[in-house]
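Notes follow once the structure below has been shown.
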Amino acid sequence: MTVVRFRLCEARAPRLGAARINRAQGPPRRASMSNPSSVASPIQEPASIQDLVEGGPSPRGGWSAVVSVALMSFVLVLSEFLPIGLLPVISSSLSVSIGTVGLVVVVPGLTAAVTAPLVTMASGRLDRRRVLIALALFIAASNALAAVAPNMAVMAAARVLLGVGVGGFWAMGAGVAARLVPAEALHRATSLITAGISAGTVVSLPLGALVGHLAGWRTAFVVAAGAALLALATLTVRLPALPPTGAIRLTTLTSALRNPAARIALLATVLIFFGHFAAYTYVTPYLEEKAHFGSSAVTSVLLAYGLAGLVGNFAAGAIIGRRLRAVYVAATVLVAVAAALLNVAAGTAPAVVALVMVWGAAFGAVPLALQTWILRATPDAPESGMALLVSACQIALAAGSFIGGIVVDGYGTWAGFAVGGTLALLSTATQIRPRLPLG
């Protein structure tokens, strides 16, 4: 099977002439009986990345708007993964098992998987600025509710609310970049937004653990709510009006799924996210129970993980435009190796710290690599591609956390790490075919 090699900024698509009406020309003309073709065609499909770029940046757009979207992207992922470093204390406070409290990760993941394509389709005719601000409000409200949750039921409700915000914002955020900056800056703008997502992925666990250790797990959610409000204010001030460029329909999503490159990207996504979160969700119990680290040491190790993840994210961003395949293969192999070796290194503290940092640096590159991959594979429908990617990520995240909880409850953390390492290697195996559109 031949797979076309895609390049994000080189793929050209027809202009959506009917979608761009010069204000000086007034509204579209009505059709005459003698010339029905004079009707301006309604927008049936979303604009391609190139179409959006050719529209030019909004007067209030530019890099400050890109930064505001990147900041909110960081906060939404931080909010989703924050409880991972707090599972033991939340479990004790709400009087539920570690496996049950893992639902605080599973619930928003499943919700986001469902809502990512639904929000994208439902908002096709709405101003993107208003949609993104509304989704940011959901994220802030969910963190505030979680901070005062008296039991697991209320906590689960808060996490459902979060899932709605995460699914919609993550799916739409990267596509917005094309409407805020000139064409030549598109790759950098998209990388900045995806870097916010990557940074949130790797910083959430150590930051949650640190704040939870110093001031309690409820304070950690208060901090997340405050960060969401700050990001919301930045969005409100800096993000310009973004009128709809087209309607996302179910057929648009299914068309993207028929793309072989997109299907392989989604398969790789499911494998690495399932494996990573089957193990990563329970790294704090591993450090406490197997490596015998105290709470202060656990916090320090998780901070080291987060710092390593940031280094990995920005290092990957520097070369990913030229070496996407190499970045992805190296990252997934290192995740697998680190997860496997942690099972035999529990008695050696320096080795544990080193392996956790390797894991963090490697996974720090994964979200950026996957988003670059899917955008290259779907250059004419970036929002559809991102919606599918978010659904794949969130389904795998939820399934990995849930299955990981069952495995850890039944066999211990070593089994969760074994599952994680195996699936990371299977994700690497998607690169065996030499003609995938990675470069």
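According to the numbering used here, the sequence shown holds residues 1162 to 1600 in order.
The beta carbon of each residue, even a glycine, is placed where N, CA and C say it ideally should be.
The structure presented is a predicted model; accordingly, all values stated were derived computationally and were not measured.
Could you spell out where the alpha helix (DSSP H) holding residue i opens and where it closes?
i	result
residue 1288	No alpha helix (DSSP H) holds residue 1288; DSSP gives it neither H nor E.
residue 1562	1543-1572
residue 1269	1264-1283
residue 1251	1248-1255
residue 1532	1527-1538
residue 1652	A question about residue 1652 goes unanswered here, because the residues of the chain that appear run from 1162 up to 1600.
residue 1338	Neither: residue 1338 is in no alpha helix (DSSP H) and is coded neither H nor E.
residue 1346	No alpha helix (DSSP H) holds residue 1346; DSSP gives it neither H nor E.
residue 1258	Careful: residue 1258 lies outside any alpha helix (DSSP H) and carries neither H nor E.
residue 1232	1224-1242
Between residue i and residue j, is the Cβ-Cβ spacing less than 8 Å?
i	j	result
residue 1467	residue 1586	no
residue 1427	residue 1264	no
residue 1237	residue 1382	no
residue 1266	residue 1244	yes
residue 1358	residue 1540	no
residue 1294	residue 1389	no
residue 1493	residue 1588	yes
residue 1462	residue 1454	yes
residue 1352	residue 1470	no
residue 1290	residue 1391	no
residue 1561	residue 1360	no
residue 1336	residue 1543	yes
residue 1488	residue 1530	yes
residue 1481	residue 1533	yes
residue 1152	residue 1386	Summary: the structure shown does not reach residue 1152, with the chain confined to residues 1162 through 1600, and so no result is reported for it.
residue 1314	residue 1231	no
residue 1526	residue 1473	yes
Do you know offhand how far residue i's Cα is from residue j's?
i	j	result
residue 1547	residue 1277	9 Å
residue 1219	residue 1341	With a pLDDT of 44 at residue 1219, under the threshold of 50, the predicted position of this residue should be treated as unreliable, though the coordinate-derived value follows. Residue 1219 and residue 1341: Cα-Cα distance of roughly 6 Å.
residue 1274	residue 1280	11 Å
residue 1442	residue 1555	14 Å
residue 1593	residue 1375	46 Å
residue 1507	residue 1514	10 Å
residue 1164	residue 1422	Residue confidence for residue 1164 is low, a pLDDT of 41 falling below 50, so the modelled location carries little weight and cannot support an answer.
residue 1194	residue 1418	In this prediction, residue 1194 scores a pLDDT of 37, lower than 50, which makes its location untrustworthy; the coordinate-derived value is nonetheless stated afterwards. Looking at the two C-alpha atoms, the distance is approximately 40 Å.
residue 1370	residue 1270	20 Å
residue 1566	residue 1452	19 Å
residue 1221	residue 1396	With a pLDDT of only 46 at residue 1221, under the threshold of 50, the placement of this residue in the model should not be trusted, and no figure is reported.
residue 1572	residue 1465	27 Å
residue 1449	residue 1398	44 Å
residue 1538	residue 1486	13 Å
residue 1552	residue 1338	20 Å
residue 1503	residue 1447	9 Å
residue 1282	residue 1436	29 Å
residue 1261	residue 1483	43 Å
residue 1576	residue 1433	16 Å
residue 1258	residue 1570	9 Å
residue 1196	residue 1404	Only weak support is given to the placement of residue 1196: the predicted model assigns it a pLDDT of 42, under 50, and the value that follows is read from those uncertain coordinates. C-alpha separation (whole angstroms): 29 Å.
residue 1581	residue 1424	21 Å
residue 1298	residue 1333	15 Å
residue 1131	residue 1235	Lying outside 1162 to 1600, the shown extent of the chain, residue 1131 is not represented and no answer is given.
residue 1319	residue 1268	9 Å
residue 1345	residue 1312	50 Å
residue 1187	residue 1402	Here the model assigns residue 1187 a pLDDT of 43, short of 50, so the residue's position is not dependable, and the following value carries that caveat. Whole-angstrom Cα-Cα distance: 19 Å.
residue 1505	residue 1519	15 Å
residue 1524	residue 1500	11 Å
residue 1284	residue 1321	19 Å
residue 1247	residue 1590	33 Å
message: Threshold first: 4 residues or longer. Then list the alpha helix (DSSP H) segments lying entirely within the stretch 1397-1464, N to C.
response: 1411-1418, 1421-1441, 1444-1450
- request: Within the stretch 1350-1405, note down every full alpha helix (DSSP H) run reaching 4 residues or more, in order along the chain.
  value: 1378-1399
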